[in-house]
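The next block holds one structure in the form of structure tokens; read it before the comments.
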Amino acid sequence: MSDLLTRSSAHWSEAGRAGMEAFYTLATDDYRHLATARDWRALFEQAQARAGNRPLRLLDVACGSGKFPNALVRHGGLGDADLQPVETALLDPSAFSIAEARAALPAPFLPAAEFETTLQDFVPPSEGYDIVWATHAIYAVPPAELAAAMDRFRAAIAPGGIGLIAHSAEAGHYVAFHRHYLAAFGPPDAAPYISAETIAQALREAGAEVVVQDVAYDSVAAADETEAVEGYLQRCVFDDRTTLADMRATEPLAGYLSTCRHPEGWRFNQRVWLMAVTG
302 MSDLLTRSSA
312 HWSEAGRAGM
322 EAFYTLATDD
332 YRHLATARDW
342 RALFEQAQAR
352 AGNRPLRLLD
362 VACGSGKFPN
372 ALVRHGGLGD
382 ADLQPVETAL
392 LDPSAFSIAE
402 ARAALPAPFL
412 PAAEFETTLQ
422 DFVPPSEGYD
432 IVWATHAIYA
442 VPPAELAAAM
452 DRFRAAIAPG
462 GIGLIAHSAE
472 AGHYVAFHRH
482 YLAAFGPPDA
492 APYISAETIA
502 QALREAGAEV
512 VVQDVAYDSV
522 AAADETEAVE
532 GYLQRCVFDD
542 RTTLADMRAT
552 EPLAGYLSTC
562 RHPEGWRFNQ
572 RVWLMAVTG
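Sequential numbering of the sequence shown, starting at 302, is according to the numbering used here.
Written as structure tokens, this is what we have:
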């Protein structure tokens, strides 16, 4: 297990709950933007039409704490969609995350299976899934294992199904902030987060068709929300020891954060690729 995945798993735990909740003070809005970025109701209803009378099968890769299904119900029209129950398989290396996501699933999502594993070690069932998604989920995949992870992702998609990956582009906050954080605090041999561009390239080189939608927005916090911003940034890099004051005092991270600080507060520029994967 890579150092990044080890630290990530430690934060996705009961001991890391406070940090998780601080992170979601800002990050919950990521899922609202994704939920309004495309017509999810139409996507699910078209998948249901292909499936006929059986329930849809969905795989949630690195399921986290179930924020995206809730955003789709609240903001993406799935609460009113004409669907059978969506049988949802939850995949995550953290048992804590699986339990959190299972408890949070709203109708029409229905917990159906659990896989406590990484994507690259996952063995998909032969029938596959109508929909496979990974939303802000695979930053910690080691670069040497990305091809295997994408092979498993594609293998999990049933014939006629679709895969969806939402991931920060190179210029987006999550990837850019992590890159500056490593330059400031190391360790020097640590791998940066994988970018959406790298994921799309790996999929295309393996023969997949990838259609990219660029989703741009700002994650915002008021000037006096120092604690929330600190918790958010710490969770972005899975490091709760480095304070916001440390970050703002250490280059080149300090320079990056100065571009995010404005008179009215904090604005973290997000550039997210929402990738539809077939083939």
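For every residue, glycine included, the Cβ atom is placed at its ideal position computed from N, Cα and C.
So, helix, strand or coil for residue i, using DSSP?
{"i": "Asp547", "result": "helix"}
{"i": "Tyr518", "result": "strand"}
{"i": "Leu359", "result": "strand"}
{"i": "Ala382", "result": "coil"}
{"i": "Asp452", "result": "helix"}
{"i": "Asp292", "result": "Given a span of 302 to 580 for the chain in the structure shown, any question on residue 292 remains unanswerable."}
{"i": "Leu420", "result": "helix"}
{"i": "Gly353", "result": "coil"}
{"i": "Pro425", "result": "coil"}
{"i": "Glu526", "result": "coil"}
{"i": "Gly365", "result": "coil"}
{"i": "His312", "result": "Confidence is the limiting factor: at His312 the pLDDT is only 47, short of 50, which leaves the residue's position unreliable and the question unanswerable from this model."}
Under a Cβ-count criterion, where at least 16 other Cβ atoms within 10 Å of its own Cβ denotes burial, should residue i be classed as buried or exposed?
{"i": "Ala363", "result": "buried"}
{"i": "Arg453", "result": "buried"}
{"i": "Pro271", "result": "Outside the shown range of the chain, which is 302 to 580, sits residue 271, and nothing can be said about it."}
{"i": "His334", "result": "buried"}
{"i": "Ala438", "result": "buried"}
{"i": "Asn371", "result": "buried"}
{"i": "Gly380", "result": "exposed"}
{"i": "Gly464", "result": "buried"}
{"i": "Val424", "result": "exposed"}
{"i": "Pro488", "result": "exposed"}
{"i": "Cys561", "result": "buried"}
{"i": "Asp361", "result": "buried"}
{"i": "Ala517", "result": "exposed"}
{"i": "His474", "result": "buried"}
{"i": "Arg355", "result": "exposed"}
Which residues share a DSSP beta bridge with residue i?
{"i": "Trp341", "result": "Beta-bridge pairing links Trp341 to no other residue."}
{"i": "Arg568", "result": "Val521"}
{"i": "Ile439", "result": "According to DSSP, which records beta bridges pairwise, Ile439 is partnered with nothing at all."}
{"i": "Pro412", "result": "Thr389"}
{"i": "Ile432", "result": "Leu359 and Ile463"}
{"i": "Thr579", "result": "Glu510"}
{"i": "Val573", "result": "Ser469 and Val516"}
Between which residues of its own chain and residue i is the CB-CB distance below 6 Å, once the five residues before and five after are set aside?
{"i": "Thr436", "result": "Phe369 and Ala467"}
{"i": "Thr419", "result": "Pro394"}
{"i": "Gln535", "result": "Asp541"}
{"i": "Trp434", "result": "Leu465"}
{"i": "Glu471", "result": "Ser496 and Glu498"}
{"i": "Thr337", "result": "His376"}
{"i": "Ala555", "result": "Arg549"}
Excluding five sequence neighbours on each side, which residues of the same chain lie with their C-beta closer than 8 Å to the C-beta of residue i?
{"i": "Ala501", "result": "Val511, Val513, Trp574 and Met576"}
{"i": "Arg351", "result": "Asp431 and Gly461"}
{"i": "Ala348", "result": "Leu357, Asp431, Ile432, Gly462 and Ile463"}
{"i": "His479", "result": "Tyr440, Pro493, Tyr494, Cys537 and Val538"}
I'd like the span of the beta strand (DSSP E) that includes residue i, first residue to last.
{"i": "Pro460", "result": "Ile458 to Ser469"}
Got a sec? Which residues, its chain only, sit under 7 Å from residue i by beta carbon, not counting five neighbours each side?
{"i": "Gln421", "result": "Val442, Glu446, Ala449, Ala450 and Arg453"}
For the alpha helix (DSSP H) that contains residue i, what are its first and last residues?
{"i": "Tyr494", "result": "Where Tyr494 is concerned, there is no enclosing alpha helix (DSSP H), given that its DSSP letter is neither H nor E."}
{"i": "Gly556", "result": "Leu554 to Cys561"}
{"i": "Glu401", "result": "Ala396 to Ala405"}
{"i": "Pro370", "result": "Lys368 to His376"}
{"i": "Ala484", "result": "His474 to Phe486"}
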